[in-house]
Every structure is written in structure tokens, then in C-alpha cells.
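Colleague:
Chains as they are written, first to last, in my numbering: chain A, 1 to 501; chain B, 1 to 161.
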């Protein structure tokens, strides 16, 4: 009851409502731009949040995340180019509907399904975050060290591609985190007399560089295939009762799968949306329409990726461990204001989290009117030439990075992180382990050494904490399991090559 | 050359350079049992080990099958040389922008950045491009310097006039 009253009070006394609407609008625009993922859309906003109240900044970023998940479906339906990876499944039948002259209806179905998925995801966050964070209150330095190792192991083991690449990416992130003043002795490490590095490499600048500048470098290096552009006349059409009766089951299936995938670290919206597509077809009365412009096939993936986005916030808010690129950027938003999401934040400053929940509910309610109002502008943006977009994004990124500390050194850091991001994309390395290594590096090292100071240098202290033992065993199981899976896949590929030369 | 193999070799090189740099970390009288250089050393050795294992694993895969039939390395570009050249050009433009940022001032340097990145992506050189670059720089200046009140560099022009 107290929480509800606080939330209602915050609606009038803070900037939650305008920030939720602004974030939603920015998110829809960012998601609508092909190649610009939700995490990049959020990273572009980070520098602007420095001067804001913490609750406004967090609501702005979280609403952007929600908006971008819907925005990704616009180019997927209109120009057969998914705005986000998670909207690739929507593209299959959404574009078929467009070819049949039903683009407006497809956009309406996508909007309704996104709203359903959003509400389900937000309800899960509200119900689960509190109880889970209470669990974490029992943690000691040994547990936090083990939690950091577990978080890294899970992300490394579920990352796309070889586990070796995931491990290399995580270690690079941990190495960057060692730059700066040593957390125990105060000795400078890898600073080379550079005062800007004494407090470490700013995580925000690395995120902006890795995601945004890396993306600009990749997009400029990728030739535009001159994909046919859409007309500018499409208008959003809310689904009729007949269509809604047909899609309710797909909405529910998509939401349930989104919640399931959101809880599983690393599964992500893309997996959720394709799983939802497949399950919706299985339970559909007209499975033969899938692939030919089915309304259910548009609804299920959209509900799934939006529910997944909401539920994906739970590990961050409960344990301080981001489970996706977007939640890693949101973590950056918390860190900018000196806040560490997790159980301590929940017990010390619950109003911030009530504000976030309220903001997400406002954003969810605002999705439908904002989507209607911004559709024409979104379609206009979808049709902008890529060279102009990339040039403006680069200018915006560097301007934002400079505005944080008024430092040219920071611009160099952002560019260096961008080069690293391009290199990682080039080699097909996952970026989330690097970000997570950077974010968790300090926590892992500080708690490891704090534990050893407590025990007088005896490593057995980690075995005396049952939570730490459990986490470390789980971490080892994840890594070993992933290694076995990779070896098994390679063996199967070899056998297939030998059988089918 | 196989892309994963190069990735493993680069990882090994990074580990060696990092270990060399970690050796220069000073010791402190306040040091705990691990010390300021303890974790960096551990990370360096781990990266070297993982990268070398990756190289060995990739060599085994490449040896077991004909190179042409080997499973393809991950990555987004089919043709790496033009992609690298293009990215290097973009990085150079951005580095040039950073170099000129304070001497030229915000408005002019951002205008040049937008203009040169567009030109680099083969947008035709015409008055429209100049207008886009000028308009874009002005819009960003208005957003940051006026609306957000960020102190952006004015450039050497302030001293001249």
C-alpha cells in the first residue's frame, strides 16, 4: 500500500511521466532505424542523463528500451529489414502482410502484441524483483565474488559463437577494469601518469564506444544494398475484433515464452521471438497461414520480445547483474548516479525502484498513443539515407561523450572503444562478456581481496560460504557444459562432412 | 588466413603486452597477500592460455578437414580487406575531428565531421550536402550548448576576434 501511495505521489512530483513518454518516443525512433539496436539507442542517451535526477534518468533509459523493442517491428514490416534482431521473426509474416496491402494492420497487430507483452513483463518485474533481492541480502564478500564469477560464466557460456571467443571477450573486459587505482593498496595501475585514468576507464564511455561507434564503423564498412524503400503513406490500423479474437492465443503464448526466455540469462529477445513464432504455429487453428501473412505470426514474436525485455530487468534489479546489452547500458545509467542496483539499493532507496516501476507502467500505457503519433516520423526516419544517419550518429556520440567531462581525452577513449567494438564484430566476438567483465571487474577483485584480508590470505574462506560454493559450482558447470556442447557440435559437423562429402 | 586463428593469435599478443605492462606495476607497503599486480598477472596468464587453446583447437579443426571445407569462422564481413580499409578511413576522419575539436571549436569541427563522413560514404558533393552539414552542426550546437548548457569549445576564433 505504501509503495502504491509513493508511486502515485511520484507521478505528480517528479518528471516520470514526461521522461517515460520521451524515452518511449526516442526508443521507437531508434528501434525503427535498421542496424541501431535498443542498446545503441540507449547508449546514445547516456550522456544526457548526467544532469538529471536519478529516477528521471533511469525511467528515460528503461522506457527507451521498451520503445525500441516495438520500434524494431516498423522496418521489419515495411521494408523487410528488422530494426532489431528480435524483430526478425516479425518480419517473416509482417512483410507478407505488407505485400498484401495490409501493412497498417500488421503494424496495429504488432503494437497490440507489444503492449500485451510489455504489461506482462512489467507485472513480472514488480512481483519478482523484491523477493529475489531479499535473497541477496544474505550475501557476504565471498558470495559477491562468486556471484560475479557466475554472472560472467553464464554470459560467456550462452554467448553466440565459440566459448573461447566469449572467454577472451570477458577477460578483455576484466583487463580494462584493472586500469586505474588499485582498490586495496591505492597504487596506480596502467595509468602512465595520465590523471584521467586514475579513477579507471569510465564504463559509460566504453559502452558508447563499443556499441555506437563500433556500429557506425561497421555500417560504413558494409555496403548498402539499396534495399527498396517503402511508401510514406502507410497508416497504423488497430486490429478489428475478428483479428483480436484470432490473435489472443498468440499474444498469450508469446508473452509466456518471453517471460521464460527473460528469466534464462542470455536467451534474449531473438530466441524468444522465434520460439514464440514456432509455438504459435503449433497451437494455431490455421498453421498453414504461417509464412503467408498470418496475423498470429506477427503477434506472437512481438509479445515475446517485449515480455522478454521487461523480465530481462529482473537479474539487474535483484542482483546487479545485467543479462543483456540493453540492461548493461541501463546499469551504466545507475552507475552514473552512483547507484548500484541490487538488494542494498532495494532496501536503502526503494522509492527509486517504485519510480522505475511506475515509469515503466506509464511508458507501457503511452506506447499506443505515442506509436500512433510517431508513425509518420518513424517511417520518414526509416527512409533516410544510411550515410547521413551514420554521420549524424557519429556527431551525436562524440558531442555527448564530450559533454560528460568536457574532456577531449574522453573522445579519444570513445574512439578507441569503437575500434575495439569494430574488431570484435569483425571476429564475431560477443560484446556482452566484455561489458560484463568491465562492470563486474571491480566487484570481483575487490570482494576477492577483501575476503582474503578477512581470512588472512586463506583461500578456504570461499569454501566456508555455502552461497559462494553453490555459485562457483554452478559457474563451473555452465562453462564445462558449454565446452562439451561445443565439442559435440564440432564432432557432429565432422561426421556430417565425412558422411556427406 | 583463418579469422578465428588470427583472433587467437591477437588474444595471445594482447596477453603478452598486458603481462609486460603488469610487471611494471609498483608494489605497495600496504599490500595484501594478492597485491596490486596479482589480479592483472592472473588475467594475463588466463588470456594467454585461453587464446593459445583457441589457436590449437582451430589448427586441429583446420588440419582434420581440407581448409576449404573447414567450418567458417564467425564475423560480419565476407571480404575483410575492403571492410578494414573502410573502417580505417572512418577512424582517421574521427581522429582528425578529435584533433581539431578544440582549435576549430565545436560548431565548425562537428560540421566538418558530418561533411567528411558523408563525403567518405560517397554522398555527392553539392550545396545540399554543405547545407546538411551546416544545419546538422547548428542543430547539435543548439541542443548541447544552448538547451543543455554544455560548455563546448569556441575555438581559436575567440582569440582572433
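Positions of the beta carbon are idealized from the N, C-alpha and C atoms, including for glycine.
DSSP has residue 181/A in a bridge; who is on the other side?
Modeller: 188/A
Colleague: State the start and end residues of the unbroken alpha helix (DSSP H) segment that holds residue 1/B.
Modeller: Unbroken run through residue 1/B: none, as it is neither H nor E.
Colleague: Are the C-beta of residue 45/B and some C-beta of chain A separated by less than 8 Å?
Modeller: no
Colleague: Closest to residue 143/A by CA distance: which of 445/A, 493/A, 171/A and 495/A is it?
Modeller: Selected option, being the one with the closest Cα: 445/A.
Colleague: List the residues of chain A whose Cβ lies closer than 7 Å to the Cβ of residue 26/B, in chain order.
Modeller: 187
Colleague: By the criterion of Cβ-Cβ separation under 9 Å, what are the contact partners of residue 406/A in chain B?
Modeller: 150, 151, 152 and 153
Colleague: Contact criterion: CB-CB distance below 8 Å. Does residue 112/B meet it with respect to chain A?
Modeller: no
Colleague: At a Cβ threshold of 8 Å, is residue 17/B touching chain A?
Modeller: For residue 17/B, the answer is no, since every Cβ of chain A falls outside 8 Å of its Cβ.
Colleague: Where residue 136/B and residue 192/A are concerned, what is the direct C-alpha to C-alpha distance, given to the nearest angstrom?
Modeller: For residue 136/B and residue 192/A, the distance between alpha carbons rounds to 38 Å.
Colleague: At a cut of 8 Å, does the segment 354-362 of chain A reach the segment 120-129 of chain A through at least three beta carbon pairs?
Modeller: yes
Colleague: Taking contact to mean at least 3 C-beta pairs separated by less than 8 Å, is the segment 205-215 of chain A in contact with the segment 406-425 of chain A?
Modeller: At 8 Å Cβ cutoff, the stretches touch.
Colleague: Can you find the residues in the same chain that come closer than 8 Å, C-beta to C-beta, to residue 410/A, ignoring five residues on each side of it along the sequence?
Modeller: Once the five neighbours on either side are set aside, the close Cβ partners of residue 410/A are 196, 202, 205, 401, 402 and 404.
Colleague: I think residue 156/A touches residue 170/A, with their Cβ atoms under 8 Å apart; what is that distance to the nearest whole Å?
Modeller: 5 Å
Colleague: Would residue 147/A and residue 253/A qualify as a contact pair, given that the criterion is a beta-carbon distance under 8 Å?
Modeller: No, the Cβ-Cβ distance between residue 147/A and residue 253/A is not below 8 Å.
Colleague: Rounded to the nearest angstrom, how far is the Cβ of residue 515/A from that of residue 149/A, given a contact under 8 Å?
Modeller: Past the boundaries of the shown model lies residue 515/A; chain A is included only from 1 to 501, so the question cannot be answered.
Colleague: So which residues of chain A does residue 131/B contact, with C-beta pairs closer than 9 Å?
Modeller: Per Cβ cutoff of 9 Å: no residues; residue 131/B is ~12 Å from chain A at best.
Colleague: Does the beta carbon of residue 102/B come closer than 8 Å to any beta carbon on chain A?
Modeller: yes
Colleague: Does the segment 181-188 of chain A come within contact of the segment 299-311 of chain A, defined as at least 3 CB pairs closer than 8 Å?
Modeller: no
Colleague: Evaluate residue 112/A with the Cβ neighbour count: other Cβ atoms within 10 Å of its Cβ, from every protein chain shown; 16 or more gives buried, anything less gives exposed.
Modeller: buried
Colleague: Kindly indicate which residue of 189/A, 8/A and 41/A has the alpha-carbon position closest to the one of residue 26/B.
Modeller: 189/A
Colleague: Check whether the Cβ of residue 105/B lies closer than 8 Å to any Cβ atom in chain A.
Modeller: no
Colleague: What are the residues in the segment 296-309 of chain A lying within 8 Å of chain B by C-beta distance?
Modeller: none
Colleague: Is it true that the segment 374-386 of chain A meets the segment 29-49 of chain A, where meeting means three or more beta-carbon pairs spaced less than 8 Å apart?
Modeller: yes
Colleague: Taking C-beta to C-beta, are residue 39/A and residue 325/A nearer than 8 Å?
Modeller: Result yes, Cβ atoms of residue 39/A and residue 325/A sit closer than 8 Å.
Colleague: How about residue 95/B: is its C-beta nearer than 8 Å to some C-beta of chain A?
Modeller: yes
Colleague: If you drop the 5 nearest sequence neighbours on each side, which residues of the same chain put their C-beta closer than 7 Å to that of residue 51/B?
Modeller: 8, 11, 12 and 15
Colleague: Quick one: give me the first and last residue of the alpha helix (DSSP H) that residue 100/A is part of.
Modeller: Residue 100/A -> no alpha helix (DSSP H), and no H or E assigned at all.
Colleague: Going by alpha carbons, who is nearest to residue 304/A out of 60/A, 121/A and 286/A?
Modeller: 121/A
Colleague: Show which residues of chain B have a CB atom less than 7 Å away from the CB atom of residue 182/A.
Modeller: Per Cβ cutoff of 7 Å: 36.
Colleague: For residue 80/B, return the contacting residues in chain A, with the cut-off set at a CB-CB distance below 9 Å.
Modeller: 426
Colleague: Answer with yes or no whether the minimum CB distance from residue 144/B to chain A is below 8 Å.
Modeller: It does; some Cβ of chain A falls within 8 Å.
Colleague: For residue 149/B, is the classification buried or exposed, using 16 other Cβ atoms within 10 angstroms of its Cβ as the cut-off for buried?
Modeller: exposed
Colleague: For residue 150/B, name the three-state secondary structure that DSSP assigns.
Modeller: coil
Colleague: With a 10 Å radius around its C-beta and 16 neighbouring C-beta atoms as the bar for buried, classify residue 26/A as buried or exposed.
Modeller: buried
Colleague: Mind checking if residue 59/B is an interface residue toward chain A, Cβ cutoff 8 Å exclusive?
Modeller: Among the CB atoms of chain A, none fall inside 8 Å of the CB of residue 59/B.
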